[in-house]
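Below is one structure, written out as structure tokens; the observations come after it.
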Amino acid sequence: MNQSISLLSSIFHLFLVPNFCGGVVVNGDIVNNLCSNVSIASDHVLNYDFCISSLEANPLSRTSDIFGLVVISMELSSNNATYIRTYIDSILKDGKQEPELARTCLQECIGFYSTALEDVQAAMKAFKSKHYYTARNQLSNANIYADTCKRGFQDLGVDFSPLKKQDYDFFQLTLFSASTIRIILQ
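FYI, the numbering for the sequence shown is -23 to -1, 1 to 163, going by mature numbering (1 follows the signal peptide of the UniProt record, and there is no 0).
Here's what the structure looks like:
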């Protein structure tokens, strides 16, 4: 089994990585191929359709190489983390939404997503400076903070639904960035 995975990985790197890194993909576009390969490499944890729709929402993705797509994804992650903080603020200001335990979790999540946002911004800076390992680690840290927000709800038995979609989107965007950086590093 490990030999077949190793063989598949070798074929992937031999034929696809040079095409991605050069920005040229034979028989298709880079967004489609990259989303497909990152989705497969993540055992379909990365949602292919989400990847495509997120990247294609930015017109620059049509002319970007693999490096440009990582930057686009990190910018989307940053915007998403900012949106989540604003969204949580609006829930808390609404006052009628959540029981006290949920409100406590939401207040803590503002801090977690603030830190996640800082990590994504640090990842962008590191990536643009070609410090790819640092960028990947910062993205992993961002996901840990987002996951900590979710686990806070789960540990208290509180419904996470107010943030479920936003958390999923953030996870998908940062996963794509980190997974693509992993391809670059190989």
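Note that beta-carbon positions come from the ideal geometry of N, C-alpha and C, so glycine has one too.
When burial is assigned at 16 or more other CB atoms within 10 Å of the CB, is residue i buried or exposed?
| i | result |
| --- | --- |
| R113 | buried |
| P139 | buried |
| V8 | buried |
Using only CA atoms, which one of the options lies nearest to residue i?
| i | options | result |
| --- | --- | --- |
| D20 | I161, F153, L162, K141 | F153 |
| E33 | S50, T157, C82 | S50 |
| A58 | Y90, N35, L37 | Y90 |
| K105 | I65, S16, G45 | G45 |
| F147 | E52, D71, L83 | E52 |
Go ahead and pull the three-state DSSP assignment for residue i.
| i | result |
| --- | --- |
| S31 | helix |
| D42 | coil |
| D71 | helix |
| N118 | helix |
| L53 | helix |
| L37 | helix |
| S19 | coil |
For residue i versus residue j, is the C-beta distance shorter than 8 Å?
| i | j | result |
| --- | --- | --- |
| C119 | D136 | It is Ala, not Cys, that sits at residue 119 in the sequence shown. Their beta carbons are not under 8 Å apart, which means A119 does not touch D136 by this criterion. |
| L94 | I65 | no |
| I87 | R62 | yes |
Inside the region 82 to 115 only - alpha helix (DSSP H) runs reaching at least 4 residues: The alpha helix (DSSP H) runs of length 4 or more contained entirely in the region 82 to 115 do not exist; there are none.
What residue ranges within the region 129 to 156 form continuous beta strand (DSSP E) runs of no fewer than 3 residues, ordered along the chain? none
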